[in-house]
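Below: the structure, in structure tokens.
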Amino acid sequence: MKKILLATLVCLPITGFAASENTIQFQGEVTDQTCSVAINGMEANPTILLPTVPASALDASAKVAGLTPFTISLTGCTASATGDQNVDTVFVANNLTADGRIGNTGDAENVTLQLVDPAAPTTALDVTGTTGAPGLVIKKDAETASYDFGVQYYAEGAAKAGSVLGSVQYAVSYK
């Protein structure tokens, strides 16, 4: 009896631990507002083309170059008669660096990508998905909204020539 009890007690923590690793969490939201979203007028798989810049423009850590604006537009929104509605844009980098930038999957070395608000291009936007970027506002009685964001090259050290590729997933959060 003691051997069975001991074997049972030893197995209990392992069973409890294994069950917690197999948990799937679901998260969603029910809202009174939904809109169609487009990036530079494209609703599916938009691509933002950054300019070609010389490696010398990114020859030291923290240098930036090639600021390229892009517009997130909302259409088909439900007009509010009571006031403006703020909308945050949440970005999640598919290849997040330890410093919170968009990792480069191309072959250029020491170059990442950084999302910014063009009005304040020295301040990076969060691409971890924890903080939404403000800017989009659906005005009272309006059914559309748009806001410009920007993307730029960011030097992690002296850049070496090559392609720069990166991506983010995005969602809009109605406030």
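In case it helps, mature numbering (1 follows the signal peptide of the UniProt record, and there is no 0) puts the sequence shown at residues -18 to -1, 1 to 157. In this text, a Cβ means the ideal position worked out from N, Cα and C, and glycines have one as well. Quantities reported herein were computed from a predicted structural model and do not represent experimental measurements.
Measuring only the C-alpha atoms, how far is residue i from residue j?
{"i": "Thr16", "j": "Ser149", "result": "24 Å"}
{"i": "Thr105", "j": "Asp99", "result": "7 Å"}
{"i": "Thr64", "j": "Ala124", "result": "11 Å"}
{"i": "Thr94", "j": "Gln7", "result": "31 Å"}
{"i": "Val19", "j": "Asn4", "result": "34 Å"}
{"i": "Asp66", "j": "Lys122", "result": "5 Å"}
{"i": "Gly139", "j": "Thr60", "result": "47 Å"}
{"i": "Leu49", "j": "Asp89", "result": "20 Å"}
Applying the 10 Å Cβ sphere with the 16-neighbour rule, what's the burial state of residue i?
{"i": "Leu56", "result": "buried"}
{"i": "Ala120", "result": "What sits at residue 120 in the sequence shown is Ile, not Ala. That one is buried."}
{"i": "Gln9", "result": "exposed"}
{"i": "Val72", "result": "buried"}
{"i": "Val12", "result": "exposed"}
{"i": "Asn86", "result": "buried"}
{"i": "Gly58", "result": "exposed"}
Looking at the strands, I want to know which residues DSSP matches up with residue i.
{"i": "Phe52", "result": "Phe131"}
{"i": "Val12", "result": "DSSP, once it has assigned bridges, lists no residue as partnering Val12."}
{"i": "Asp70", "result": "Ser155"}
Helix, strand or coil, according to DSSP, for residue i in the structure here?
{"i": "Ser38", "result": "helix"}
{"i": "Glu3", "result": "helix"}
{"i": "Asn92", "result": "strand"}
{"i": "Lys121", "result": "coil"}
{"i": "Glu25", "result": "coil"}
{"i": "Gly139", "result": "strand"}
Would residue i pass as a contact of residue j if the rule is Cβ separation under 8 Å?
{"i": "Asp70", "j": "Lys142", "result": "no"}
{"i": "Phe52", "j": "Ile30", "result": "yes"}
{"i": "Val74", "j": "Gln134", "result": "no"}
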